[in-house]
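Peer 1: Questions regarding the structure given below will be posed in turn.
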Amino acid sequence: MFDDKHPLFGTYKVAKRIAIGVVGGTVLALGIVMMVTPGPGIAGILAGLGILAIEFAWARSWLKKIKVKAQNMATQFQARDAGNKAVSGKNLPPPPAS
Numbered sequence: 000m001f002d003d004k005h006p007l008f009g010t011y012k013v014a015k016r017i018a019i020g021v022v023g024g025t026v027l028a029l030g031i032v033m034m035v036t037p038g039p040g041i042a043g044i045l046a047g048l049g050i051l052a053i054e055f056a057w058a059r060s061w062l063k064k065i066k067v068k069a070q071n072m073a074t075q076f077q078a079r080d081a082g083n084k085a086v087s088g089k090n091l092p093p094p095p096a097s
């Protein structure tokens, strides 16, 4: 939008940072509230962190940590599920087509 030589470039950068902080912080706060009230709390928290990660390094760091933990949990669930199938000796039927 503005190049770095434009007289309003500094103001634009600050305004953009504030706007992203307010919107991302609001979505993050709503996600936290939705953890105890009906609603998709985890999705709200992730969306808020995603918005904040556009401008803030700490939010990018948190998202990377969350991604690693989620991948580790998925691997553990897959290993546990594979172990349960091996123990039961039965193949589960495929889910019904909708």
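With numbering that gives the first Met the number 0 as the guide, the letters of the sequence shown map in order to residues 0 to 97. Glycine included, C-beta positions come from ideal geometry on N, C-alpha and C.
1. For the stretch 39-49 against the stretch 68-78, are there 3 or more C-beta pairs whose distance is under 8 Å?
2. For the pair the stretch 5-19 and the stretch 27-47, tell me if three or more CB-CB distances fall below 8 Å.
3. What is the residue span of the alpha helix (DSSP H) that residue 15 lies within?
4. If we ignore side chains and look at the alpha-carbon of each, how far apart do residue 30 and residue 96 end up?
Peer 2: By the coordinates alone:
1. The stretch 39-49 and the stretch 68-78 do not touch, with fewer than 3 CB-CB distances between them shorter than 8 Å.
2. In short, these stretches do not touch, since the Cβ pair count stays below three.
3. Following the DSSP letters along the chain, one finds residue 15 inside the alpha helix (DSSP H) bounded by residues 8-33.
4. 33 Å
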